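Visitor: So that we are looking at the same thing, I have put the structure below in structure tokens.
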Amino acid sequence: MAPEACSWSDSDIFFFLDYLYSSISRIGDGSTSRKEVLSEVCEKLNAPGVRTHVGLKTREACASKLQYFHGLYRIILKIKEASGWAWSNEYGANISPELTSSWDEFVKAHPKAKQF
């Protein structure tokens with residue numbers, strides 16, 4: 050039987066990202082591998098009293114979530130680099146009517162950007 054798919058609460062995601070951020074130096078200096086850090090964070094997320102949603106978080110699920118957020122990060126960087134566009138943490142891409150056609154072209158090339 051396949052393991053039950055896990056779901057992520059906002060608090061799970063905040064904990065996950067905060068833990069990864071606090072582990073950057075350990076990964077960067079070579080003292081810990083990315084796989085080890087992902088194993089650590091899913092162990093902490095699955096601890097009694099911490100787990101808030103259905104399904105255990107596996108290292109694969111954590112790696113997939115990290116890949117998802119890294120993809121969003123890359124899209125935001127492309128938006129910030131585009132001429133005439135601006136990025137706001139509050140409003141996202143905040144495309145004005147004058148920029149709609151260039152935004153539509155960008156979304157065709159980067160479908161995940163549509164949410165911004």
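So that you can map any letter, position 55 of the sequence shown is 104 in this note's numbering, and since no number is skipped, the others follow by simple counting. For every residue, glycine included, the Cβ atom is placed at its ideal position computed from N, Cα and C. Since this is a predicted model, take the numbers as computed values, not measurements.
Residue 17: buried (16+ other C-beta within 10 angstroms of its C-beta) or exposed?
Guide: Not covered by the structure: residue 17. The range shown for the chain is 50 to 165.
Visitor: I believe residue 112 touches residue 87 by the beta-carbon criterion, under 8 Å. Please report the beta-carbon distance rounded to the nearest angstrom.
Guide: Residue 112 to residue 87, Cβ: 6 Å. Contact.
Visitor: Going by other Cβ atoms of all chains shown within 10 Å of its Cβ, with 16 needed for buried, is residue 126 buried or exposed?
Guide: Residue 126 is exposed by the Cβ-count criterion.
Visitor: Going by other Cβ atoms of all chains shown within 10 Å of its Cβ, with 16 needed for buried, is residue 84 buried or exposed?
Guide: When all chains shown are included, residue 84 counts as exposed.
Visitor: Within the same chain, show all residues whose beta-carbon is closer than 8 Å to that of residue 162, passing over the 5 residues directly before and after it, in chain order.
Guide: Answer for residue 162: 124, 127, 128, 142, 155 and 156, listed in chain order.
Visitor: Could you pull the start and end residues of the alpha helix (DSSP H) that residue 145 belongs to?
Guide: Here residue 145 belongs to no alpha helix (DSSP H), and DSSP marks it neither H nor E.
Visitor: Please work out which residues of its chain come closer than 8 Å, Cβ to Cβ, to residue 159, disregarding the five sequence neighbours upstream and downstream, and give them in chain order.
Guide: Same-chain partners within the cutoff: 124 and 127.
Visitor: If I measure Cβ to Cβ from residue 95 and keep anything under 8 Å in the same chain, skipping five residues before and after, which residues do I get?
Guide: Closer than 8 Å at Cβ, skipping near neighbours: 105 and 106.
Visitor: For residue 137, list the residues DSSP reports as bridge partners.
Guide: For residue 137, which the question treats as bridged, DSSP gives the partners 141.
Visitor: Is the distance from the Cβ of residue 75 to the Cβ of residue 91 below 7 Å?
Guide: The answer is no: Cβ separation not under 7 Å.
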